[in-house]
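A.B. asks:
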Amino acid sequence: MLWTVLLALLVLLLLQTQLSVCLRDLRSGASVSPLHSPPPYSSSTSSASSSSSSSYNATQQRLPGAVIIGVRKGGTRALLEMLNLHPDVEVAKAEVHYFNVEEHFRRGLAWYRAQMPFTLPGQLTVEKTPGYFAAPQVPVRVWDMNPAVRLLLIVRDPAERLVSDYTQVLHNRLTQHKPYQPLDELLLHEGHINHGYKALQRSLYHLHLARWLEVFPREQIHVVDGDALIRDPFPELRKAERFLDLPPRINPSNFYFNTTKGFYCLLSAGHDKCLDESKGRPHAPLSAQALKKLCRYFRKPNKRFFEMVGRSFSWC
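Per mature numbering (1 follows the signal peptide of the UniProt record, and there is no 0), the sequence shown runs over residues -22 to -1, 1 to 294.
(1) Roughly how many whole angstroms lie between the Cα atoms of Ser290 and Phe241?
(2) Please give the ranges of any alpha helix (DSSP H) in the segment 162 to 244, keeping only runs that are unbroken, at least 4 residues long and fully inside the region.
(3) Go ahead and pull the three-state DSSP assignment for Lys106.
(4) Taking the straight line between their C-alpha atoms, what separation do you get for Asp135 and Ala126?
(5) Since Ile46 sits in a beta bridge, which residues does DSSP pair it with?
(6) Could you tell me whether the Cβ atoms of Phe96 and Thr37 are closer together than 8 Å?
(7) Alpha carbon to alpha carbon, how far is Leu191 from Glu285?
(8) When DSSP builds the beta bridges, which residues end up paired with Ser246?
(9) Going by C-alpha to C-alpha distance, which of Ile171, Gln198 and Ser231 sits closest to Phe221?
(10) Any idea if Asn232 is buried or exposed, counting beta-carbon neighbours within 10 angstroms, 16 or more meaning buried?
(11) What do you get for Ser292, buried or exposed, if any count of 16 or more other CB atoms within 10 angstroms of its CB means buried?
(12) Return the chain-ordered list of same chain residues with a C-beta closer than 6 Å to the C-beta of Leu164, the five sequence neighbours on each side being excluded.
(13) Have a look at the DSSP bridge pairing and note the partners of Val67.
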């Protein structure tokens, strides 16, 4: 009797093992079945359709491999749009402000990834938020997201950047029918430079870069000359391509000078694109005396910045 029970248990164990093997084979066969594999990607598929059918062309939203970190009013939008001419680059269309706005940062990396464009494997995702550069908490947060991320910093004459910064705020205030002090009054206090003026602080590039260099190696930060980008975009774009390890695909023919707007516009696949009317806006007035004091004030900070990046710029 005991032998009969043991034999029956052995038979049941063998049957259970065989059944498990069969089920495993069925699952693995289904996972590689050609009926469920996606069709190859077609270059004619548009970005819009790829975002709605990512399962069919292997696109997905990825964390950025490169971030334009600033500076504000330095030409970040122009740089982003020009990089987007490259077929291997997809860009986040809006400023995300993930690392410098606490409300956004608390939403986590899944939310941040959801703000990115859909890309194919091998394409580079680029995001730009100029507020990142001067925000103290941002460098460590970006490092935690991806220690290998490439960073682009576009700078221009800090005095010009300050006036442009003020001009944008002034325009916004006037649009809202709110008063705003003249630039001379904000910049000078009893005849001396007002160190507390925020637009002035944003132009102290060396202070902000020092925080980034505490976290990232210098070779991971590429400095773009914003003034040169305005004068002749192509050489600066070629340098950016090399920094991002992209094959050279952007050409001089991708740019043409718009005499009406006074700056270069973009050409791609027979279509042209110019930056909106907020770019190239006439600067608010600044007295010659205030400008002279401002340029004198920036001499030492600029020199320190030049030493940090290993190059100099023709700034006042």
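Every residue, glycine too, gets a C-beta built ideally from N, C-alpha and C.
C.D. replies: On the basis of the data shown:
(1) In the sequence shown, counting from the first residue as 1, residue 290 sits at position 312. In the sequence shown, counting from the first residue as 1, residue 241 sits at position 263. Ser290 and Phe241: Cα-Cα distance of roughly 24 Å.
(2) For the segment 162 to 244, whole alpha helix (DSSP H) runs of length 4 or above, ordered along the chain, are 176 to 180, 183 to 191, 204 to 209 and 211 to 221.
(3) Counted from its first residue, the sequence shown places residue 106 at position 128. Annotated three-state conformation of Lys106 is strand, per DSSP.
(4) Mapped onto the sequence shown, residue 135 falls at position 157. Mapped onto the sequence shown, residue 126 falls at position 148. C-alpha separation (whole angstroms): 29 Å.
(5) Taking the first residue of the sequence shown as 1, we reach residue 46 at position 68. Ile46 pairs with Lys106 and Leu130.
(6) Within the sequence shown, numbered from 1, the residue matching residue 96 stands at position 118. Within the sequence shown, numbered from 1, the residue matching residue 37 stands at position 59. The Cβ atoms of Phe96 and Thr37 lie closer than 8 Å to each other.
(7) By 1-based counting over the sequence shown, the position of residue 191 is 213. By 1-based counting over the sequence shown, the position of residue 285 is 307. Going by C-alpha positions, Leu191 is about 13 Å away from Glu285.
(8) Residue 246 sits at position 268 when you count from the first residue of the sequence shown. Note: Ser246 sits in a beta bridge opposite His249.
(9) For the purposes of this step, residue 221 is taken as residue 243 along the sequence shown, with counting starting at 1. Nearest of Ile171, Gln198 and Ser231 to Phe221, Cα basis: Gln198.
(10) Here residue 232 corresponds to residue number 254 of the sequence shown, with the count starting at 1. Buried is the call here.
(11) Locating residue 292 in the sequence shown gives position 314, where the first residue counts as 1. When all chains shown are included, Ser292 counts as exposed.
(12) Reading the sequence shown from its first residue, position 186 is the one you call residue 164. For Leu164, same chain residues with a beta-carbon under 6 Å away, outside a window of 5 residues either side, are Tyr175 in chain order.
(13) Working through the sequence shown from its first residue, we reach residue 67 at position 89. The partner list for Val67 (beta bridge, DSSP) reads Leu102.
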